[in-house]
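Student:
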Amino acid sequence: MATSLDAQIAKMKRTIAAKNAKKSAPNINKDLADNRDLTNNAVTRSNALSRAYYRFSLAEKRVMESLISRLHPQRNDNELQDIKLLATDYANAYKVDLKNAYRDLMKAADGLLSRVIVTTEPPYTVKTTLMTQAKYHENQGHITCTLNPSIVPHLIGMRKKFNSYPLSKTVDFSSSYTWRLYEVLVSWAQPKSDTGGVFCGWFDVEVDEFRRMLGVPDSYNQGRFKQVILDVAENELLHKTDINVRFSPKKTGRKITSYNVTFADNEQQQLSL
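Throughout, the working numbering is defined as the position within the sequence shown, counted from one, plus 94.
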């Protein structure tokens with residue numbers, strides 16, 4: 095009888111411990127996550143971070159999203175997050191020559207240490223960086239990056255106003271503007287439970303805000319913005335993610351002041367955008 099009760103209590107303790115571990119999700123399976131193919135990871139972040147203002151190069155964007163994809167989104171601690179990124183993983187995911195992969199990691203980390211990300215967190219506008227430190231392990235072919243504690247709440251432990259996408263959807267992007275636009279679209283996508291599983295959505299955005307979200311240089315006039323960024327991103331999204339996106343300009347007088355942006359999976363074109 096005692097043995098049976100002891101076994102039952104022990105089993106109950108293990109069940110409770112497992113549930114608590116899953117709930118708090120500290121560094122569980124961290125080593126497993128570090129060894130996963132990057133293209134099997136998902137990128138989870140707050141909508142505010144998806145719609146933030148910043149300008150990154152393509153390599154910086156690749157490193158940023160690779161680092162974020164290593165995080166367990168159900169963690170709820172805000173300790174310094176040290177994340178390792180191997181040159182071999184980077185090369186495999188983004189089809190980069192291995193000889194250049196570590197160089198790209200190092201250069202991108204240099205940039206990410208100083209690039210400013212601007213988020214709107216009413217009533218504040220907050221400026222921060224993604225990382226506080228980078229360690230370069232050239233002989234071992236990897237870097238270790240420490241995420242900024244101020245950015246971590248946008249990446250883990252969120253209960254609402256966040257989004258997630260598979261990293262594999264973005265690895266073939268050749269433009270950082272396309273990547274930024276894709277993230278913005280994902281942040282405005284309607285719940286698939288409401289759309290029958292279809293990826294689609296719509297939103298209105300002022301031109302100046304849209305430009306800041308995508309990191310458009312101030313020197314680009316409206317024509318260049320459309321031709322070099324919006325048209326290229328629209329084409330790349332269609333051919334690489336099968337997403338149809340439309341930018342409908344709204345004018346004040348003769349000047350375009352905002353866009354109505356609509357998007358949907360291409361195979362669902364029969365659904366009116």
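Ideal Cβ placement from N, Cα and C applies to all residues, glycine included.
Would you identify the three-state DSSP class for I122, choosing helix, strand or coil?
Tutor: Mapped onto the sequence shown, residue 122 falls at position 28. Residue confidence is low: I122 scores 38 on pLDDT, short of 50, so the model does not pin down where it sits. No coordinate-derived value is stated.
Student: Thinking C-alpha only, which one of T182, D176, R305 is nearest T226?
Tutor: Position 132 of the sequence shown, counted from the start, is the residue given in the question as residue 226. The option with the nearest alpha carbon to T226 is D176.
Student: Between the beta-carbon of K255 and the beta-carbon of N141, is there less than 8 angstroms?
Tutor: What you label residue 255 is simply residue 161 of the sequence shown in a count that begins at 1. What you label residue 141 is simply residue 47 of the sequence shown in a count that begins at 1. Yes, Cβ-Cβ distance for K255 and N141 is below 8 angstroms.
Student: Is DSSP giving L241 helix, strand or coil here?
Tutor: To locate residue 241, count along the sequence shown from 1; it is residue 147. Annotated three-state conformation of L241 is strand, per DSSP.
Student: Nearest to I350 by CA position, among I250, A228, D302, is which residue?
Tutor: Here residue 350 refers to the residue found at position 256 when the sequence shown is read from its first residue. That would be D302, whose Cα lies nearest to the Cα of I350.
Student: Could you pull out every residue in the same chain whose Cβ sits closer than 6 angstroms to the Cβ of T346, ignoring the five residues on either side in sequence?
Tutor: In the sequence shown, residue 346 corresponds to position 252, counting from 1. Correct list: empty, nothing qualifies.
Student: In the DSSP output, which residue or residues are listed as bridge partners for T213?
Tutor: As a first step, residue 213 is located in the sequence shown; it is residue number 119 there, counting from the start. The partner list for T213 (beta bridge, DSSP) reads V220.
Student: Please list, in chain order, all residues of the same chain as K116 whose beta carbon is under 7 angstroms from its beta carbon, the five residues on each side excluded.
Tutor: By one-based count along the sequence shown, residue 116 stands at place 22. Its pLDDT being 49, under 50, K116 is placed unreliably by the model, and the measurement read from it follows with that caveat. The beta carbon of K116 is closer than 7 angstroms to none in its chain, skipping five residues each way along the sequence.
Student: Please state whether the Cβ-Cβ distance between L261 and T133 is less than 8 angstroms.
Tutor: Walking along the sequence shown from the start, residue 261 turns up at place 167. Walking along the sequence shown from the start, residue 133 turns up at place 39. Going by C-beta atoms, L261 is nearer than 8 angstroms to T133.
Student: Mind the definition here: the stretch 179-189 touches the stretch 148-164 only if three or more C-beta pairs lie below 8 angstroms; say whether that holds.
Tutor: yes
Student: Ordered along the chain, which non-local residues of its own chain (more than five positions away) have a Cβ less than 7 angstroms from that of S281?
Tutor: As a working note, residue 281 is residue 187 in the sequence shown. Taken in chain order, the residues that qualify are N141, S144, R145, N257.
Student: If you draw a straight line from the alpha carbon of V265 to that of D198, how long is it in whole angstroms?
Tutor: As a first step, residue 265 must be located in the sequence shown, where it is residue number 171. As a first step, residue 198 must be located in the sequence shown, where it is residue number 104. Going from the Cα of V265 to the Cα of D198 covers about 15 angstroms.
Student: Which residues mark the beginning and the end of the alpha helix (DSSP H) in which R274 is found?
Tutor: The sequence position of residue 274 within the sequence shown is 180, counting from 1. First-last of the alpha helix (DSSP H) with R274: 270-282.
Student: According to the neighbour-count rule (16 or more other Cβ atoms, all chains shown, within 10 Å of its Cβ), is V339 buried or exposed?
Tutor: Against the sequence shown, residue 339 aligns to sequence position 245. Flag for V339 reads buried.
Student: My assumption, with CB atoms under 8 angstroms, is that V292 sits in contact with A358. Please give the rounded CB distance.
Tutor: Locating residue 292 in the sequence shown gives position 198, counting from the first residue. Locating residue 358 in the sequence shown gives position 264, counting from the first residue. Going by Cβ atoms, the distance from V292 to A358 rounds to 6 angstroms, so yes, they are a contact pair.
Student: Let me know if Y276 comes out buried or exposed under the rule of 16 or more other beta-carbons within 10 Å of its beta-carbon.
Tutor: Sequence index remark: in the sequence shown, residue 276 carries index 182 (1-based). The residue is buried, with at least 16 neighbouring Cβ atoms inside 10 Å.
Student: Kindly identify the DSSP beta-bridge partner or partners of I250.
Tutor: Here residue 250 refers to the residue found at position 156 when the sequence shown is read from its first residue. Per DSSP, none; premise fails for I250.
Student: Give me the residue from M307, R108, A228 with the minimum Cα distance to S270.
Tutor: The residue given as residue 270 occupies position 176 in the sequence shown. Closest by alpha carbon: M307.
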